[in-house]
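Participant: This is the structure, below, for whatever I ask next.
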Amino acid sequence: ANRAKPTRALLEKTLGVDRDARVPEYHADTARRRMKGMDGGVAEITPAGRTRGKVALFATCYCNFSYPQAVEDLAAVLRHNGVAVKLVEREVCCGMPKLELGDLESVARYKEKNIPVLAAAVREGWDITAAIPSCVLMFRQELPLMFPDDEDVQLVKRHLFDPFEYLWQRHQAGLLKLDFANPLGKIAYHAPCHQRVQNIGPKTRDILKLIGGTEIEMIERCSGHDGTYGVKKATYAISRKIAKPVENRVSQAEATHFASDCPMAASHIAHGLGDAPGAESPLSLLRRAYGI
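Using this note's numbering, the final residue of the sequence shown is 397, and nothing's skipped along the way.
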């Protein structure tokens, strides 16, 4: 429905969403519905380094409703590697979209809903991760800067990981399975801005490079999406110009797959390429490589 021409014309007129911009799909089969009854699933918990071998997934509002497959794939990969998995009890938006709009009151309100739940999970022995780099950045950098004296915010920061950062730490401890069943060929991989500024290094690339028969063409440049910037009528044309160099790199790579950790950036880039190739999640590619 959100791609029908009459609907898009109405969205453009009422909300200022450009009729040509790619907007998220919504799934009735949400991540929470898919994960229901799938908590835990590991008989023996093995801590390693900073990782405790138990991960509570912050579903994120985007993945829960628009990209549930990423959550399902992340859970499958973690379980395959002996990590216990559950969903965080509940969540609201991480607050990043409101922060980018300067709505600090809403950011504080969302923090008061999310942080107590996340901190409780940490105290129960769980690490935290999310399949959206912006959400990870919000909890590990933005909120700690905004609320330096909030002990729970700082506690969550210390136990929150990027998914591939978590897997890399398990790999360094010899706990990541390398029983890959399927080579992936060449991947044009876009490293999103909100992941790069976390200063954890290119861990997605490093994990994917472990897969035999797989070549990574890494692209480190802004996609031009930046939340609402990539969909608003006032800025959509500019966002397309910003994305063009990335699109050119993807085309020149002539890769089997195109992937980005940020599904919004990936969709924006793929839209500019006419979905040839279509956007994929690195988590989905990793699961496919394992054959699980």
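Note that the Cβ used here is the ideal one computed from N, Cα and C, for glycine as well.
DSSP three-state call for residue 290: helix, strand or coil?
Facilitator: Looking at residue 290 - three-state DSSP - the assignment turns out to be strand.
Participant: For residue 268 and residue 179, which I take to be in contact (beta-carbon distance under 8 Å), what is that distance rounded to the nearest angstrom?
Facilitator: Indeed, because the Cβ distance is near 6 Å, the residues count as touching under 8 Å.
Participant: Beta carbon of residue 368: closer than 7 Å to some heavy atom of the ligand GTP?
Facilitator: The model on display carries no ligand, and the ligand GTP is accordingly not part of it.
Participant: Determine the direct distance from the alpha carbon of residue 207 to that of residue 323, and round the result to whole angstroms.
Facilitator: If you take the alpha carbons of residue 323 and residue 207, they lie about 32 Å apart.
Participant: With a cut-off of 8 Å, do at least 3 Cβ pairs link the segment 359 to 374 to the segment 281 to 296?
Facilitator: Verdict: yes, contact present.
Participant: Measuring CA to CA, which of 124, 108 and 114 is closest to residue 336?
Facilitator: That would be 124, whose Cα lies nearest to the Cα of residue 336.
Participant: Leaving out five residues on either side along the sequence, give the residues of the same chain with a beta carbon under 7 Å from the beta carbon of residue 388.
Facilitator: Once the five neighbours on either side are set aside, the close Cβ partners of residue 388 are 175, 178, 179, 182, 236 and 268.
Participant: Considering only their Cβ atoms, is the gap separating residue 159 from residue 188 smaller than 8 Å?
Facilitator: Contact: yes.
Participant: Check for me: the alpha helix (DSSP H) holding residue 364 runs from which residue to which?
Facilitator: That residue, residue 364, is in no alpha helix (DSSP H); its beta strand (DSSP E) goes 362 to 365.
Participant: Give a yes or no on whether the C-beta atoms belonging to residue 163 and residue 135 are separated by under 8 Å.
Facilitator: Not closer than 8 Å, so no.
Participant: In the DSSP assignment, find the unbroken alpha helix (DSSP H) run with residue 143 in it and report its ends.
Facilitator: Segment: none, residue 143 is in no alpha helix (DSSP H) and carries neither H nor E.
Participant: In the DSSP assignment, find the unbroken alpha helix (DSSP H) run with residue 241 in it and report its ends.
Facilitator: Start and end: 238 to 242.
Participant: Using 10 angstroms around the beta-carbon of residue 217, count the other beta-carbons present and answer buried if the total reaches 16, otherwise exposed.
Facilitator: Answer is exposed; the Cβ neighbour count stays below 16.
Participant: Could you work out which residue in 186, 384 and 262 is closest to residue 150 when comparing CA atoms only?
Facilitator: With distances taken between Cα atoms, residue 150 lies closest to 186.
Participant: Bridge partners for residue 398 per DSSP, in chain order?
Facilitator: The structure shown does not extend to residue 398, since the chain is modelled only from 106 to 397, so the question has no answer here.
Participant: Judging by CA-CA distance, which residue of 212, 375 and 172 is the nearest neighbour of residue 133?
Facilitator: The candidate whose alpha carbon is nearest that of residue 133 is 172.
Participant: What number of angstroms, rounded off, separates the C-alpha of residue 300 from the C-alpha of residue 239?
Facilitator: Roughly 7 Å between the two C-alpha positions.
Participant: Can you list, in chain order, the residues of its chain whose CB lies under 6 Å from that of residue 367, leaving out five sequence neighbours each side?
Facilitator: 238 and 297.
Participant: Hey, does residue 114 have any beta-carbon neighbour from chain B nearer than 8 Å?
Facilitator: Although the question refers to chain B, the structure presented lacks it and comprises just one protein chain.
Participant: Let me check understanding here. Comparing Cα to Cα, which of 161, 320, 315 and 279 lies closest to residue 233?
Facilitator: The residue with the shortest Cα to Cα distance from residue 233 is 161.
Participant: Would you mind stating whether residue 155 and residue 303 have Cβ atoms separated by less than 8 Å?
Facilitator: Their beta carbons are not under 8 Å apart, which means residue 155 does not touch residue 303 by this criterion.
Participant: Quick one: measure Cβ to Cβ for residue 384 and residue 374, integer angstroms, because I've assumed they're closer than 8 Å.
Facilitator: About 7 Å; that satisfies the 8 Å criterion.
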